[in-house]
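Residue numbers for the sequence shown follow UniProt numbering, so the first one is 1 and each next one is one higher. Working notes for the structure below.
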Amino acid sequence: MNMNSEGRPTRPEPADAVAESWTGNKALMLEEALIFEIGTTASTGVDVETPPAVRSRLGGLDRNREIGLAGLSEPQAVRHYTRLSRQNYAIDLGLFPLGSCTMKHNPRLNEKVARMPGFADIHPLQPVDTVGGAFELIHTLGEWLCKLTGMPAVAMSPKAGAHGELCGVLAIRSALEARGDAREVILVPESAHGTNPATAAFAGYKVEDIPATPEGRVDLAALEARLGPDVAGVMITNPNTCGLFEPDMKRISDAVHAAGGLVYCDGANFNAIVGRVRPGDLGIDAMHINLHKTFSTPHGGGGPGSGPVVFSEALAPFAPLPFVEKQGDHYILIEEETAEDHHASSFGRMVAFHGQMGMFTRALAYMMSHGADGLKQVAEDAVLNANYILRSLDDVLEAPFGKGGPCMHEALFSDKGFAEGFTTLDLAKALIDEGYHPMTMYFPLVVHGAMLIEPTETESKETLDQFIGALRSIVARAKAGDPSMHQAPFHAPRRRLDETAAARKPVLVWKEPEQAEAAE
Ligand SMILES: *Cc1c(COP(=O)(O)O)cnc(C)c1O
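What follows is the structure in structure tokens.
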């Protein structure tokens with residue numbers, strides 16, 4: 001034990017009996033109450049003079065009592081939110097191993113460019129002749145996306161991956177309707193991301209599963225057997241959610257086309273193949289690209305996002321408005337369908353304006369700073385890092401599809417071999433104590449107790465080694481049946497919350513404690 005000159009320990013020891021502090025704070029980990037508990041209606045961070053009386057034009061709808069919001073002074077407000085932010089995990093703090101999320105470093109260059117006043121301060125209702133530069137940026141980004149995917153057209157406005165899926169499926173429906181073909185079924189592999197069947201159902205289709213082979217790929221024979229005049233199309237993720245490339249993608253597309261259907265590809269995992277594979281060469285008709293995953297715009301906690309959709313020749317005429325087009329050396333915004341030009345069959349609009357400008361700016365800065373060769377290296381390094389994880393853990397964790405060769409950008413493990421009663425959830429909670437955000441758990445559904453780990457290309461070997469070390473230690477405890485694991489996390493501000501109750505019965509309105517008790 002290291003001691004200071006007074007014979008006191010300089011660092012905590014594992015065996016230290018830690019006395020609870022009076023405040024509940026643990027040194028730098030500060031407890032923080034809800035703003036309603038610490039704020040009062042009597043305090044405020046700003047003094048505003050009482051406005052002069054004016055005639056109300058609210059038609060009798062004026063508020064008739066105090067609004068009752070909790071007020072804080074400025075330093076109290078700053079501390080409240082800073083303290084809360086420190087209880088969060090962030091990509092700027094450490095490795096974020098969430099599979100299917102591509103939580104990579106967000107280069108600061110992107111942020112600098114997005115904050116340039118010419119981009120940051122424009123307004124979507126500004127006269128179009130004052131925002132030519134923004135249109136050029138959107139158009140240039142669209143061109144990069146078309147080039148990288150080998151597709152002829154792109155719709156920039158969808159605001160997330162799931163929104164892009166809806167865009168693609170609505171274009172498929174418009175194309176089928178235009179040929180008078182009312183097909184009702186969309187086929188989705190059983191390993192699909194939950195948004196795929198949800199999107200198809202939302203667009204009015206019946207969803208049917210396509211089984212997976214024991215190797216974790218789409219069962220081509222089962223797919224071919226199901227194709228027919230009622231099948232509008234398929235939604236396939238490639239690389240798929242088992243972290244594997246679908247080598248039969250071209251054959252899948254050909255079979256679907258031969259049966260009169262269309263092919264949607266979920267491109268959320270594009271990071272694994274960017275610069276290496278062009279989805280357009282695989283016969284895909286529509287694919288969304290998560291700019292917030294592959295092209296490194298910050299995400300998590302619900303936003304922001306951006307999900308441009310690239311289209312084949314067959315679907316391009318049905319793509320949504322608006323479009324930025326280059327005419328001569330000018331960029332114009334096409335907002336209305338016109339009978340003469342190729343937007344006549346557009347299915348309509350997805351959003352009020354033109355898309356997520358801040359995300360576009362970041363994504364283009366990212367692409368241009370990497371260049372074509374850099375983007376290719378992104379895919380190669382992302383796959384290399386995932387395989388390093390796979391091979392560094394597959395002696396202690398079962399990798400159900402790991403024997404068939406390398407994975408793509410993410411490594412998938414099962415809970416096989418854990419002691420009786422020990423689950424993936426226990427492992428994830430123990431990982432929090434090690435200072436990591438847990439990996440994606442229990443997804444994809446085709447693997448028991450699934451753990452899906454996507455390190456991305458931006459992590460160093462040292463970071464990966466530390467993560468692997470932490471996981472190996474926890475896995476050993478799960479296999480040995482260390483009962484303390486059921487209690488983890490020990491060091492987080494909160495322990496095991498009732499996540500089901502929080503999702504099913506969220507408490508969205510704060511009540512005074514007495515009121516809350518009375519209401520029970
Ligand atoms: C992230 C993801 C989506 C959804 O994208 P959002 O931007 O979160 O709507 C869809 N499919 C897969 C495979 C994903 O990983």
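Just so it is clear, CB atoms sit at the ideal spot from N, CA and C, and this is done for glycine as well.
Report the three-state DSSP secondary structure of glutamine 76 (helix, strand or coil). On the sequence shown, residue 76 is found 76 positions in, with the first residue counted as 1. DSSP places glutamine 76 in helix when its eight states are reduced to three.
Anyone know if the C-beta pair for proline 226 and leucine 187 falls short of 8 Å? For the purposes of this step, residue 226 is taken as the residue at position 226 of the sequence shown. For the purposes of this step, residue 187 is taken as the residue at position 187 of the sequence shown. One detail in the question is off: residue 226 reads as arginine in this sequence, not proline. A contact, by the Cβ cut-off of 8 Å.
For histidine 292 and cysteine 265, the rounded distance between their alpha carbons
Against the sequence shown, residue 265 aligns to sequence position 265. Against the sequence shown, residue 292 aligns to sequence position 292. Roughly 17 Å between the two C-alpha positions.
Under 8 Å between C-beta atoms of histidine 105 and threonine 458
Taking the sequence shown and counting its residues from 1, one reaches residue 105 at position 105. Taking the sequence shown and counting its residues from 1, one reaches residue 458 at position 458. A contact, by the Cβ cut-off of 8 Å.
Q.
Is histidine 292 near ligand 1 - that is, is its Cβ less than 7 Å away from at least one heavy atom of it?
A. Taking the sequence shown and counting its residues from 1, the one referred to as residue 292 is at position 292. Yes, ligand 1 has a heavy atom inside 7 Å of this Cβ.
Quick check: what's the CA-CA separation for residue 529 versus cysteine 101? Only positions 1 to 520 of the chain appear in the structure, and residue 529 is not among them; the question remains open.
### Task
Compute every distance between the C-beta of serine 345 and the non-hydrogen atoms of ligand 1, then say whether any falls below 7 Å.
For this step, residue 345 is matched to residue 345 along the sequence shown. Incorrect: serine 345 has no Cβ contact closer than 7 Å to ligand 1.
I want to check one thing, is the minimum distance from the CB of alanine 382 to the heavy atoms of ligand 1 below 7 Å?
Within the sequence shown, the letter at position 382 stands for residue 382. False, no ligand heavy atom lies under 7 Å from that Cβ.
Is serine 73 near ligand 1, judged by its Cβ being under 7 Å from some heavy atom? Along the sequence shown, one-based indexing puts residue 73 at 73. Serine 73: no, Cβ never under 7 Å from ligand 1.
Could you tell me which residues DSSP puts in a beta bridge with cysteine 265?
-> Residue numbering aside, residue 265 sits at position 265 when the sequence shown is read from its first letter. Beta-bridge pairing by DSSP links cysteine 265 to Ile236 and Met287.
### Query
If you drop the 5 nearest sequence neighbours on each side, which residues of the same chain put their C-beta closer than 7 Å to that of valine 185?
Position 185 of the sequence shown, counted from the first residue, corresponds to residue 185. Result list for valine 185: Tyr205, Lys206, Glu208, Asp230, Val231 and Ala232, in chain order.
Query - For leucine 431, the nearest candidate out of Gln377, Pro400 and Arg495 (CA to CA) - result: For the purposes of this step, residue 431 is identified with residue 431 of the sequence shown, where counting begins at 1. It is Arg495 whose Cα lies nearest to the Cα of leucine 431.
| task | Let me know if glutamine 487 comes out buried or exposed under the rule of 16 or more other beta-carbons within 10 Å of its beta-carbon. | result | Start at 1 with the first residue of the sequence shown, and residue 487 comes out as number 487. By the 16-neighbour rule on beta-carbons within 10 angstroms, glutamine 487 is exposed.
#### Entry: Neighbour-count burial assignment, proline 455, 16 or more Cβ in a 10 Å radius
The count along the sequence shown starts at 1 and reaches residue 455 at position 455. Buried, because 16 or more other Cβ atoms sit within 10 Å of the Cβ of proline 455.
Q) Hey, methionine 156 and glycine 142 are a contact pair by Cβ (cut 8 Å); roughly how many whole angstroms apart? A) Working through the sequence shown from its first residue, we reach residue 156 at position 156. Working through the sequence shown from its first residue, we reach residue 142 at position 142. The pair is a contact, with the Cβ atoms about 6 Å apart (cut-off 8 Å).
- glycine 118, DSSP secondary structure in three states: As a working mapping, residue 118 is identified with position 118 in the sequence shown. Residue state for glycine 118 is assigned as helix, using DSSP reduced to three classes.
Check your understanding: CB of alanine 160 to nearest heavy atom of ligand 1: below 7 Å?
Key -> Your numbering for residue 160 matches position 160 in the sequence shown. Because some heavy atom of ligand 1 lies under 7 Å away, the Cβ of alanine 160 counts as near it: yes.
Inset, instruction - Kindly indicate the opening and closing residues of the alpha helix (DSSP H) around isoleucine 38. - result: By one-based count along the sequence shown, residue 38 stands at place 38. For isoleucine 38, the enclosing alpha helix (DSSP H) covers residues 35-38.
Q. With a Cβ-Cβ cutoff of 8 Å, do threonine 424 and aspartate 415 count as a contact?
A. In the sequence shown, the residue the question calls residue 424 occupies position 424. In the sequence shown, the residue the question calls residue 415 occupies position 415. Yes, these two residues count as a Cβ contact at 8 Å.
**Request:** Count the other C-beta atoms from every protein chain shown that fall within 10 angstroms of the C-beta of phenylalanine 353, then say buried if there are 16 or more, exposed otherwise.
**Result:** As a working note, residue 353 is residue 353 in the sequence shown. By the 10 Å Cβ count, phenylalanine 353 comes out exposed.
Quiz item: Which residues in the same chain have their Cβ closer than 7 Å to the Cβ of asparagine 387, if we skip the five residues on either side of it in sequence?
Solution: Here residue 387 corresponds to residue number 387 of the sequence shown, with the count starting at 1. Correct list, in chain order: Pro406 and Cys407.
query: From what residue to what residue does the beta strand (DSSP E) around phenylalanine 413 run?
result: Mapped onto the sequence shown, residue 413 falls at position 413. Residues 411-413.
Check your understanding: First and last residue of the alpha helix (DSSP H) that includes aspartate 373?
Key -> Along the sequence shown, one-based indexing puts residue 373 at 373. Its alpha helix (DSSP H) spans residues 357-393.
Cβ-based neighbour list, alanine 201, same chain, cut-off 6 Å, excluding 5 preceding and 5 following: Here the question's residue 201 lines up with position 201 in the sequence shown. The residues are Val207.
### Query
Excluding five sequence neighbours on each side, which residues of the same chain lie with their C-beta closer than 7 Å to the C-beta of glycine 417?
Position 417 of the sequence shown, counted from the first residue, corresponds to residue 417. The answer, listed in chain order, is Glu398 and Lys479.
Cβ separation of serine 191 and threonine 140, assumed to be a contact under 8 Å, to the nearest whole Å
Position 191 of the sequence shown, counted from the start, is the residue given in the question as residue 191. Position 140 of the sequence shown, counted from the start, is the residue given in the question as residue 140. About 35 Å separates the two Cβ atoms, so there is no contact after all.
message: In the DSSP output, what is threonine 440 paired with across the bridge?
response: Counting from one through the sequence shown, the residue named residue 440 turns up at place 440. Residue pairing from DSSP places threonine 440 in a beta bridge opposite Leu452.
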